[in-house]
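S.K.: Dropping the structure in here first, questions after.
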Amino acid sequence: MGVIMWIVFGALVGWIASLVMNTDGEQGALLNIIVGIVGAVVGGWLMSFIGETGVTGFNLYSFAVAIAGAVVLITVIKFFRHA
């Protein structure tokens, strides 16, 4: 994927993950993009532990992996923020 597609993909993933985790009011567009891109990396890394592929492009499987990774990332951030 190109840089523009990563930004669009990250924005969508970060926005949906923030809606799932109820942090949408705390995050702006830039943070949604960052959380989405880092979440895609985290999701791919976690999927490698169970022998599956990570993010492979702009498709539904990659979208689900990235959202799962972004939700894990937001959960970890919320844990350390409230600890």
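Residue numbers for the sequence shown follow my numbering, so the first one is 2 and each next one is one higher.
Ideal Cβ positions, reconstructed from N, Cα and C, are used throughout, including at glycine.
Bear in mind that the values here come from a model prediction, so they are computed numbers and not experimental data.
May I have the straight-line CA-CA distance separating M6 from V21, to the nearest angstrom?
M.R.: Computed Cα separation, rounded: 22 Å.
S.K.: What is the rounded straight-line gap between the Cα of T54 and the Cα of L61?
M.R.: Their Cα atoms are separated by approximately 13 Å.
S.K.: Quick check on the DSSP output: the alpha helix (DSSP H) that includes G44 runs from which residue to which?
M.R.: Segment 30 to 50, the alpha helix (DSSP H) holding G44.
S.K.: What are the boundary residues of the alpha helix (DSSP H) that includes G15?
M.R.: From DSSP, the alpha helix (DSSP H) with G15 extends over 4 to 21.
S.K.: Excluding the five sequence neighbours on either side, which residues of its own chain have a C-beta within less than 7 Å of the C-beta of N33, listed in chain order?
M.R.: Same-chain partners within the cutoff: A12, G15, W16, S19.
S.K.: Between G37 and F10, how many whole angstroms is the CB-CB distance? I'm expecting something under 8 Å.
M.R.: Sure, about 7 Å apart at Cβ, within 8 Å.
S.K.: Quick check on the DSSP output: the alpha helix (DSSP H) that includes F1 runs from which residue to which?
M.R.: Because the chain is modelled from 2 through 84, residue 1 falls outside the range shown and cannot be assessed.
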